[in-house]
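J.:
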Amino acid sequence: MRGSFITFEGGEGAGKSTQAVALAKKLATMGIGVVSTREPGGSPGAELVRHVLLSGAAKPFGTDAEAMLFAAARADHLDTLITPSLENGKWVVCDRFVDSTRVYQGVLGKAGWPFIKGLEKLSLGEGSPNLTFILDLPADIGLARAHERRGEGAPDRFESENLAFHEALNEAFRDIAQREPDRCVLVDANRPKDRITADIWRLVRKRLHPETAPMTIEEIAR
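Next comes the structure, spelled out in structure tokens:
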């Protein structure tokens, strides 16, 4: 039986990584093989591209170039990690995926939907998520959390954008959730973490029925 593919999306500081880890651990306690991963990155080749993207080195080349780099990294991520894991019956939990490219480069970067869709056709194949949680948090709160998280470190390529950028980003994510309700669930992330975790687990059980998954205990990939 093919595994399920779950992604977490949303603005900076919304709690995507925290909730992705919590879900992966919960699935593992049920004896389900789980792979935890992230984008950009997740495979050796994609991690190299991650450094280029988040350092801002690709920014001078424009959003089209950034989108192509994301697509190249995603193709490698799918080929080397996500697809083989799913075919082996494991569940994959990913911190960011294709919706982030649609929002950051497509909507805010104005790369254009035909261009983004073309890249998806080349890089995704049958790799679309079964379920996507979009964590919705006011942009000012998310940026404050991101600042606290990195401490004295410099903001990355996208954290350094202004508040208006991040507010528009959140609106674009909400639009995706509204347009694709069969795949996406909008989650109020301005609540205690344990309540968010509980809601996510309830929705995973309702939509994907993890109790029917084969029990193949695996260590969560880091």
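Here the sequence shown is numbered in the working numbering, starting from 39 and rising by one per residue.
By construction, the Cβ of each residue, glycine as well, lies at the ideal position given by its N, Cα and C atoms.
Per DSSP, leucine 224 is paired with what?
T.: Ile172, per the DSSP bridge assignment.
J.: Give me the Cβ distance between aspartate 43 and leucine 124, rounded to the nearest whole Å; I'm assuming they're in contact under 8 Å.
T.: With the sequence shown as reference, residue 43 is identified as phenylalanine, and aspartate is not the correct amino acid for it. With 8 Å as the limit, phenylalanine 43 and leucine 124 qualify as a contact, their Cβ atoms being about 6 Å apart.
J.: Is the distance from the Cβ of aspartate 133 to the Cβ of arginine 187 below 7 Å?
T.: For aspartate 133 and arginine 187, no; Cβs fall outside 7 Å.
J.: Distance, Cα to Cα, alanine 259 vs isoleucine 238?
T.: Note on alanine 259: pLDDT 40, under 50, position unreliable in the model; no value is reported.
J.: Distance, Cα to Cα, valine 141 vs aspartate 213?
T.: Roughly 10 Å between the two C-alpha positions.
J.: Going by DSSP, which residues form a beta bridge with threonine 45?
T.: The partner list for threonine 45 (beta bridge, DSSP) reads Cys132 and Thr170.
J.: Do you know how far the Cα of phenylalanine 153 is from the Cα of alanine 66?
T.: Looking at the two C-alpha atoms, the distance is approximately 38 Å.
J.: Rounding to the nearest angstrom, what Cα-Cα distance links glutamate 164 and glycine 53 in this structure?
T.: Distance between the alpha carbons of glutamate 164 and glycine 53 is about 27 Å.
J.: Please report the residue range of the alpha helix (DSSP H) in which isoleucine 234 lies.
T.: From DSSP, the alpha helix (DSSP H) with isoleucine 234 extends over 231-246.
J.: Does the distance from the C-beta atom of serine 161 to that of alanine 113 stay below 7 Å?
T.: Yes, these two residues count as a Cβ contact at 7 Å.
J.: Check whether the stretch 99-113 and the stretch 56-72 are in contact - that is, three or more C-beta pairs closer than 8 Å.
T.: Touching, no, given that fewer than three Cβ pairs across the two stretches are closer than 8 Å.
J.: Where do the N-terminal and C-terminal ends of the alpha helix (DSSP H) with asparagine 208 fall, by residue?
T.: Residues 201-217.
J.: Excluding five sequence neighbours on each side, which residues of the same chain lie with their C-beta closer than 6 Å to the C-beta of alanine 210?
T.: Closer than 6 Å at the Cβ level, and outside the excluded window around alanine 210, lie Val141 and Val145.
J.: Buried or exposed: phenylalanine 99, going by 16 or more other Cβ atoms within 10 Å of its Cβ?
T.: Looking at its Cβ environment, which holds fewer than 16 other Cβ atoms inside 10 Å, phenylalanine 99 is exposed.
J.: Contact check, alanine 215 vs leucine 173 under 8 Å by CB: the rounded distance?
T.: At roughly 10 Å, the Cβ-Cβ gap does not stay under 8 Å, so alanine 215 and leucine 173 are not in contact.
J.: How is lysine 148 classed by DSSP in three states: helix, strand or coil?
T.: Residue state, collapsed to three classes: coil.
J.: So, with DSSP's three-state summary, where would you put glycine 180?
T.: Three-state DSSP puts glycine 180 in a helix.
J.: Please identify the residue among Arg245, Glu218, Glu199 and Thr235 whose C-alpha is closest to the C-alpha of glutamate 50.
T.: Comparing Cα positions, the closest option is Glu199.
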